[in-house]
Each structure stands twice: as structure tokens, then as C-alpha cells.
Ligand code: MN3
């Protein structure tokens, strides 16, 4: 088995396409260095273990349940950033429509309220982590999680997620995490992609 079992997917846009909301420099570092490094580490750490034979999704769940922390950290981050890039598109879509909008209204009263709650929860993540939108039996839920943790590890269904590690925003927003989150929610989310993830 080749060491390159897990391969970093291509970005669904050019490196400078998300500017000015996310600069070309940030995408270059975040995708080219950080995201790549999680894949490299995962390949190195998993070689010769059962994880090397699994799909990335299965590694996330299995390593989390096994308490294999180093594998999980890298597999989780490899998985998390795929969603992160895939859910964005240059210019974004101003707001969701159809069933997605209905569910947001049911769970958060309005789209504006959803954005405000999502931003608040993002700020509430202490240190490094992620803010996720999850679909469960009762509707939609916003969940902040530390480090590499994601809904998949807990058997939950992920719709979207924003990286709130400082490497995601420090070059463009310094320490002002809420401005970074708001700017993505207002101007970069591909709501058709998020909507397609509904169960
Ligand atoms: Mn990151």
C-alpha cells in the first residue's frame, strides 16, 4: 500500500477567488500548508495500521471511538477542511432557499437570527475549534467544538462548518473572529451545496 493513501482534494475555486473576504495569502497557507500537512501526517501516522485501509470518514469515526488522538486530530482536520472549502463559492449565495430556508426558519426563527447565533457560537469556542451546523431529528442545531472535533465523530450529520482556528482568519481579520465569521456567512456560503447535504 502506497503511503499516499489519503490525498488532498483540489480546491473548488482558484486561490484568489475568495478575496477580499478570505485573501489569496490566507487560502494559500490554509489550504497549501495546513490542510496539506494534515493529509501528510495522516498518511505517515496511519501507515501499517488498520486506519490505512479505511475511508477517511471511517478513520474519523473509528479513531475517535478508539481514543487514537493523533490519528483523529489529523483525520478530523483533513475531513473538516474538505467541507470548509467545498461549502464556499466566490461571491456566495446571499441566502438559502426552499427546504433549507424553511428549516433555518423553523429552528432559528429567521436567517438573520441564524447568522447571529452562528456568529455567537463561533466566538464561544475557546481557543482552536470549529462551529458546525448539524441536522438532527429535531431540525437544525449549531454546535461549537474544540480542536479537530466534528459532528461525524459523534454520529451526527454535518451541513456546514466554519474553522475558527486563528490560522483561518488572523492574516485578514487579526483577532476579530466575529467579523471573519460574519463575512463568510454574508458573502461566501454556497447554500445550494449546503442544501444538497440535507438528509
Ligand atoms: Mn484550518
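Residue numbers (our numbering): 24 to 222. Yeah, the Cβ is synthetic: ideal placement off N, Cα and C, and Gly gets one too. Here the structure is a predicted model, which is why all the values come from computation and not from measurement.
Using alpha carbons as the reference points, say which of the options lies closest to residue i.
i, options, result
"residue 179", "33, 84, 44 and 29", "84"
"residue 89", "78, 133, 124 and 73", "73"
"residue 117", "97, 44, 221 and 209", "209"
"residue 110", "186, 196 and 121", "186"
"residue 112", "167, 44 and 93", "44"
"residue 42", "124, 152 and 211", "211"
"residue 7", "70, 219, 136 and 102", "Absent from the structure is residue 7, since the part of the chain shown begins at 24 and ends at 222."
"residue 69", "145, 91, 58 and 57", "91"
"residue 64", "49, 120, 48 and 27", "27"
"residue 218", "32, 123, 144 and 76", "123"
For residue i, verify whether its CB is less than 7 angstroms away from any heavy atom of ligand 1.
i, result
"residue 101", "no"
"residue 191", "yes"
"residue 188", "yes"
"residue 180", "no"
"residue 75", "no"
On the CB-based measure, 16 or more other CB atoms within 10 Å of its CB, does residue i come out buried or exposed?
i, result
"residue 207", "buried"
"residue 37", "exposed"
"residue 132", "exposed"
"residue 99", "buried"
"residue 137", "buried"
"residue 119", "buried"
"residue 67", "exposed"
Suppose you measure from the CA of residue i to the CA of residue j; what does that come to, to the nearest Å?
i, j, result
"residue 189", "residue 202", "13 angstroms"
"residue 200", "residue 193", "8 angstroms"
"residue 222", "residue 60", "31 angstroms"
"residue 158", "residue 166", "11 angstroms"
"residue 151", "residue 160", "28 angstroms"
"residue 29", "residue 149", "30 angstroms"
Measure the Cβ-Cβ separation of residue i and residue j and say whether it is below 8 angstroms.
i, j, result
"residue 115", "residue 213", "yes"
"residue 169", "residue 155", "no"
"residue 62", "residue 176", "no"
"residue 162", "residue 126", "yes"
"residue 54", "residue 79", "no"
"residue 106", "residue 49", "no"
"residue 197", "residue 142", "no"
"residue 31", "residue 75", "no"
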